[in-house]
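Chemist:
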Amino acid sequence: MENWLMLLLLAIAFTGKAVVVSAAAAAYESPQFRVVHLESDFEIRLYMEISWMTALVRGTSFENSTKRGFHRLYQYLQGANRNSTRFFMTKPVLTSIIPSQRGGSPSSYIVRYYLPAEYNNKSPPPPSAELNLQLDKWKSHCIAVRKFSGYARDDNVEKEKDALGSSLGKRLMQGVDQNQYYNYSIAQYNASKHPTGRINEVWIDVSGFADEGCPV
Ligand SMILES: *[C@@H]1O[C@H](CO)[C@@H](O)[C@H](O)[C@H]1NC(C)=O
Ligand SMILES: *[C@@H]1O[C@H](CO)[C@@H](O)[C@H](O)[C@H]1NC(C)=O
Ligand SMILES: *[C@@H]1O[C@H](CO)[C@@H](O)[C@H](O)[C@H]1NC(C)=O
Ligand SMILES: *[C@@H]1O[C@H](CO)[C@@H](O)[C@H](O)[C@H]1NC(C)=O
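All the letters of the sequence shown, read from the start, carry residue numbers -18 to -1, 1 to 198 under mature numbering (1 follows the signal peptide of the UniProt record, and there is no 0).
1. Within this structure, are the beta carbons of residue 95 and residue 127 separated by less than 9 Å?
2. When you get a sec, list the residues whose CB is within less than 5 Å of any heavy atom of ligand 1, chain order please.
3. Would you tell me roughly how many angstroms separate the C-alpha atoms of residue 198 and residue 188, rounded to the nearest one?
4. Measure the C-alpha to C-alpha separation of residue 13 and residue 46 and round it to an integer number of angstroms.
5. Pick helix, strand or coil for residue 63, following the three-state DSSP scheme.
6. Roughly how many whole angstroms lie between the Cα atoms of residue 200 and residue 56?
7. Hey, quick one: how far does the beta strand (DSSP E) through residue 28 stretch, first residue to last?
8. Cα-Cα, which of 102, 116, 165 and 182 is closest to residue 83?
9. Let's see if you can read the secondary structure: which residues bound the beta strand (DSSP E) around residue 90?
10. Taking 8 Å as the cut-off, is the CB of residue 178 close to at least one heavy atom of ligand 4?
11. Can you tell me which of the three DSSP states residue 145 falls into?
12. Quick check on residue 178: buried or exposed, where buried means 16 or more other Cβ atoms within 10 Å of its Cβ?
13. Decide yes or no for the touch test of the segment 102 to 114 against the segment 22 to 29: beta carbon pairs closer than 8 Å, at least 3 of them.
14. Can you tell me whether residue 10 sits near ligand 4, meaning its C-beta is under 8 Å from at least one heavy atom of the ligand?
15. Compute the distance between the beta-carbons of residue 134 and residue 191, then report whether it is under 9 Å.
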């Protein structure tokens, strides 16, 4: 079970058409952005519009919820949709952490598959109903991003989020309501089979950050 996401990502990497090029050279599509502000330990990116296929998962574990959500998305990618369309894997797999209303541990997660850019202007095929997936379109907006290496785990994601929140508070956004960056997301770029050279990111929505050309 530990290596579930690894096997899955691996399976996709090798069953997609991308297999005709070498696995190392396989290009994964990712959402487009421009860096509008750079600091030593974080940056602010202006993302273009992003369309996600998403799985809402009720749970208390980031790792378990990401696996469960990704399992549903994986079936969609493999053709469990109205047109039996198969999709390439894209990067990153994003997990949004939704805090419980009462504070304390999160109670739900939204696991997201980035839909290739061709779906910006057309609807993706509707998912099979039993997968209970939703399309979610993000308008162009700014996101503060902090990178971290290793594996994204239950015991480090919140710490990374707090570090980003603290850097933002110190250097850019004094006086900004803390609630502004209460929701956060974890972006994972690598299959679990890679123990080193892994890239993950914490994302915090900073739409309210009006400088530097971020849309409000
Ligand atoms: C995650 O799932 C594993 C395997 O099902 C289970 O043993 C573990 O308790 C779960 N962790 C949490 C925090 O729910
Ligand atoms: C799904 O198939 C229908 C009928 O063949 C077609 O009209 C539609 O454009 C397809 N939708 C997508 C998203 O590919
Ligand atoms: C957090 O995310 C949830 C689900 O997308 C949304 O309903 C809620 O408004 C968000 N809260 C904030 C403070 O952005
Ligand atoms: C992890 O993903 C990043 C971003 O796509 C990539 O540049 C890097 O080479 C990957 N690392 C490994 C070990 O595959």
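Each residue gets a CB set at the ideal place from its N, CA and C atoms; glycine is no exception.
Modeler: Let's see:
1. No, these two residues do not count as a Cβ contact at 9 Å.
2. Every residue whose beta carbon comes nearer than 5 Å to a heavy atom of ligand 1 appears here in chain order: 43 and 46.
3. Computed Cα separation, rounded: 9 Å.
4. For residue 13 and residue 46, the distance between alpha carbons rounds to 25 Å.
5. Note: residue 63 maps to strand in three-state DSSP.
6. Outside the displayed range of the chain (-18 to 198) lies residue 200, so it cannot be described from this structure.
7. Run containing residue 28: 25 to 29, per the beta strand (DSSP E) assignment.
8. Just measuring C-alpha positions, the residue of 102, 116, 165 and 182 sitting nearest residue 83 is 165.
9. 90 to 96 is the extent of the beta strand (DSSP E) around residue 90.
10. Result yes, Cβ under 8 Å from ligand 4.
11. In the structure shown, residue 145 sits in a helix (DSSP, three-state: H, G or I).
12. Result: exposed.
13. With the rule of 3 Cβ pairs closer than 8 Å, the segment 102 to 114 does not count as touching the segment 22 to 29.
14. Correct: residue 10 has its Cβ closer than 8 Å to ligand 4.
15. No, the Cβ-Cβ distance between residue 134 and residue 191 is not below 9 Å.
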